[in-house]
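Here's the structure we're looking at; comments come further down.
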Amino acid sequence: MQTGKINNNTQMKWRFKAVAISIVLISLVGCKLEKKKHTDPVSGGKLKKLKTELVAEFNRLEPKVIQPAEGYLQYPYLIPAGFYKQMWDWDGFFIGNHLANTGKPEYLKFWALNLIAGIDSSGYVSACATTKGPRTIFGKFAMKPFLSQGVYFASLKLNDFSWVAPHYNALMKVLAYRDKTQLDSTYNLYFWDNAMQSGADNNVAMNYFTEEDHRSFLAPDASTFQLREIIAQALIAQKLGKNEDYALLMQKAAQLKDAINKYLWCKEDQIYYTVDRETGAFYKRISYSSFIPLIQKLAPDAEGVDMIKRYLINPKQMKAKYGFRSLSLQDPDYNNKNIIVPFSNWQGPVWPIANYLYHIGLKNYGFEDEIKWMGQTLGRLLLQDIKTCGSMHENYNADTGQPLAPAADYVDESGKFVGFIGWNLCVQQVLEGVTDNKWMLLELPEADRNK
Numbered sequence: 000m001q002t003g004k005i006n007n008n009t010q011m012k013w014r015f016k017a018v019a020i021s022i023v024l025i026s027l028v029g030c031k032l033e034k035k036k037h038t039d040p041v042s043g044g045k046l047k048k049l050k051t052e053l054v055a056e057f058n059r060l061e062p063k064v065i066q067p068a069e070g071y072l073q074y075p076y077l078i079p080a081g082f083y084k085q086m087w088d089w090d091g092f093f094i095g096n097h098l099a100n101t102g103k104p105e106y107l108k109f110w111a112l113n114l115i116a117g118i119d120s121s122g123y124v125s126a127c128a129t130t131k132g133p134r135t136i137f138g139k140f141a142m143k144p145f146l147s148q149g150v151y152f153a154s155l156k157l158n159d160f161s162w163v164a165p166h167y168n169a170l171m172k173v174l175a176y177r178d179k180t181q182l183d184s185t186y187n188l189y190f191w192d193n194a195m196q197s198g199a200d201n202n203v204a205m206n207y208f209t210e211e212d213h214r215s216f217l218a219p220d221a222s223t224f225q226l227r228e229i230i231a232q233a234l235i236a237q238k239l240g241k242n243e244d245y246a247l248l249m250q251k252a253a254q255l256k257d258a259i260n261k262y263l264w265c266k267e268d269q270i271y272y273t274v275d276r277e278t279g280a281f282y283k284r285i286s287y288s289s290f291i292p293l294i295q296k297l298a299p300d301a302e303g304v305d306m307i308k309r310y311l312i313n314p315k316q317m318k319a320k321y322g323f324r325s326l327s328l329q330d331p332d333y334n335n336k337n338i339i340v341p342f343s344n345w346q347g348p349v350w351p352i353a354n355y356l357y358h359i360g361l362k363n364y365g366f367e368d369e370i371k372w373m374g375q376t377l378g379r380l381l382l383q384d385i386k387t388c389g390s391m392h393e394n395y396n397a398d399t400g401q402p403l404a405p406a407a408d409y410v411d412e413s414g415k416f417v418g419f420i421g422w423n424l425c426v427q428q429v430l431e432g433v434t435d436n437k438w439m440l441l442e443l444p445e446a447d448r449n450k
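When you number the sequence shown by numbering that gives the first Met the number 0, it's gap-free, plus one each residue, and the end is 450.
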């Protein structure tokens with residue numbers, strides 16, 4: 000989650016206006032999980048029951064992520080709700096796909112149209128939009144690579160690509176802008192200038208204190224997300240009869256796939272790492288971003304299976320009692336601190352959205368039993384949080400299950416805990432996959448030269 004999403008003055012106002020006793024009660028009682036031992040085996044019946052209970056709660060919370068059109072935002076827009084009131088790039092993408100897979104694809108289209116309206120003549124589009132206009136952050140850093148994917152998936156669900164035609168050239172400009180600002184021509188790979196731009200705010204596999212650390216990294220998540228963006232745009236081109244663009248884009252995607260596997264895959268350790276742009280050396284930190292190439296099945300079958308066994312489902316690395324971690328347990332910076340300002344904590348806590356992405360990789364490489372475990376573990380975690388706090392949190396202590404950000408003292412003017420909803424809703428699709436074979440894998444074709 001990007002940070003700086005809430006005005007500091009507003010935070011202080013909330014804190015001082017909150018009734019002290021409310022804060023104490025929330026802190027000491029309201030937002031602590033019951034200490035239960037979930038050691039029973041995963042069964043289909045229990046998962047179905049859990050899914051039914053969680054979906055009922057999600058149906059109650061879901062309207063809070065949908066806001067009516069207002070001001071600059073000409074269409075109904077999607078917000079994480081609770082702590083965040085703005086429309087954000089990948090937050091809205093995942094919320095929109097959740098809604099599209101529950102029979103409401105128009106909201107993913109609206110998300111895309113609201114962002115498309117902010118594309119300038121150079122192809123820049125802000126990662127954040129408000130009712131007053133685009134919110135420029137990190138200078139001219141563009142939104143994360145999800146716009147063409149959102150347009151494509153919305154169109155598939157709507158069975159209608161005609162609405163895209165007037166915006167096709169603007170979408171192509173966005174791709175060109177990213178090539179201009181984030182493509183390293185030496186490696187033909189994409190980079191983040193800092194971790195904050197990636198959305199995994201303090202990911203130790205990149206720099207996040209830019210005043211002290213001026214490195215930038217060729218990143219598995221940046222390149223994989225952009226690879227998928229290029230493929231999605233190619234498919235849009237094909238649907239609109241732009242066959243020359245389709246061929247060129249698919250060729251570009253194939254070249255990018257080759258570069259990811261050539262430069263970011265460490266054969267010795269059997270994992271994807273970020274690479275220091277200046278030195279070309281692997282930056283050997285096992286984090287959330289290492290696993291993103293698996294959502295596009297970039298690792299060959301044997302290597303992908305080995306990587307998952309060595310790292311993702313290994314309790315000494317990424318697998319924890321309450322879900323899959325965002326940073327390896329072996330990393331010297333591993334922690335479960337409750338942080339949301341000035342950045343959110345991706346240095347260990349369980350993020351439901353990261354787990355959702357992991358489940359795509361697990362599915363791609365045949366680890367369905369692990370997805371069942373994840374669905375049960377996260378489903379219980381979120382359901383208990385909702386029952387206790389009335390909402391959810393961005394992340395959870397991987398080792399204790401304790402809800403983390405936003406902290407209990409983030410309350411509204413009435414003293415009510417503000418919570419978080421957002422992309423946590425995608426846990427519903429994890430459970431629907433394992434119980435009803437109704438998967439939301441956001442599948443795009445492979446970008447191979449021989450296809």
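Yeah, the Cβ is synthetic: ideal placement off N, Cα and C, and Gly gets one too.
From a predicted model like this one, the values you see are computed outputs, not experimental measurements.
- Residue 188: member of the beta strand (DSSP E) spanning 188-191, first to last residue.
- In terms of Cα proximity to residue 86, the closest of 135, 55 and 121 is 135.
- Residue pairing by DSSP places residue 183 opposite 188 in a beta bridge.
- Membership of residue 134 in the beta strand (DSSP E) is indicated by the continuous run 132-134.
- In this structure, DSSP gives residue 413 a state outside helix and strand, which the three-state scheme calls coil.
- Bounds of any alpha helix (DSSP H) do not take in residue 128; it lies within the beta strand (DSSP E) bounded by 127-129.
- For residue 92, the CB contacts under 6 Å within the same chain, skipping 5 residues up- and downstream, are 145 and 149 in chain order.
- Leaving aside the five residues that flank residue 342 on each side, the residues in its chain whose CB is nearer than 7 Å to its CB run, in chain order, 2, 195, 200, 201 and 207.
- The three-state secondary structure of residue 66, taken from DSSP, is strand.
- Residue burial is scored here from C-beta neighbours: residue 324 has at least 16 other C-beta atoms within 10 angstroms and is therefore classed as buried.
- In this structure residue 114 is not in contact with residue 375, their Cβ atoms being roughly 35 Å apart against a cut-off of 8 Å.
- If you check the CB distance, residue 362 and residue 438 come in under 8 Å.
- The three-state reading of DSSP puts residue 439 in coil, since its state is none of H, G, I, E or B.
- Taken through DSSP and simplified to helix, strand or coil, residue 268 comes out as coil.
- Closest in alpha carbon position to residue 108, among 153, 269, 305 and 210, is 153.
- Under DSSP, the beta-bridge partners assigned to residue 80 are 83.
- Residue 124 has no beta-bridge partner at all, per DSSP.
- Straight-line spacing of the CA atoms in residue 348 and residue 290 works out to 16 Å.
- DSSP places residue 262 within a helical segment (H, G or I) once states are collapsed to three.
- Beta-bridge annotation (DSSP): residue 286 is paired with 326.
- Where residue 387 is concerned, the enclosing alpha helix (DSSP H) starts and stops at 367-388.
- Here residue 355 is not near residue 304, since their CB atoms are 8 Å or more apart.
- Between residue 132 and residue 189, the gap from beta carbon to beta carbon reaches 8 Å or more.
- When the beta-carbon positions are compared, residue 262 and residue 217 come within less than 8 Å of each other.
- At a Cβ-Cβ threshold of 8 Å, residue 424 and residue 160 do not count as neighbours.
- Between residue 82 and residue 395, the C-beta gap is not smaller than 8 Å, which leaves the two residues out of contact.
- DSSP lists 322 as the beta-bridge partner residues of residue 319.
- Secondary structure of residue 403 (DSSP, three-state): coil.
- Burial is judged here by how many other beta carbons sit within 10 angstroms of a residue's own beta carbon; residue 332 has fewer than 16 and is exposed.
- The residue from 393, 330 and 314 with its alpha-carbon nearest to that of residue 339 is 393.
- An exposed status is given to residue 73, since fewer than 16 other beta-carbon atoms sit within 10 Å of its beta-carbon.
- Here residue 174 really is in contact with residue 232; their C-beta atoms are around 6 Å apart, less than 8 Å.
- Distances from the alpha-carbon of residue 89 to those of 416, 197 and 183 put 197 closest.
- With contacts defined by Cβ atoms closer than 8 Å, residue 292 and residue 259 form a contacting pair.
- Going by beta carbons, residue 120 and residue 204 fall outside the 8 Å limit.
- If you draw a straight line from the Cα of residue 384 to the Cα of residue 401, it is about 9 Å long.
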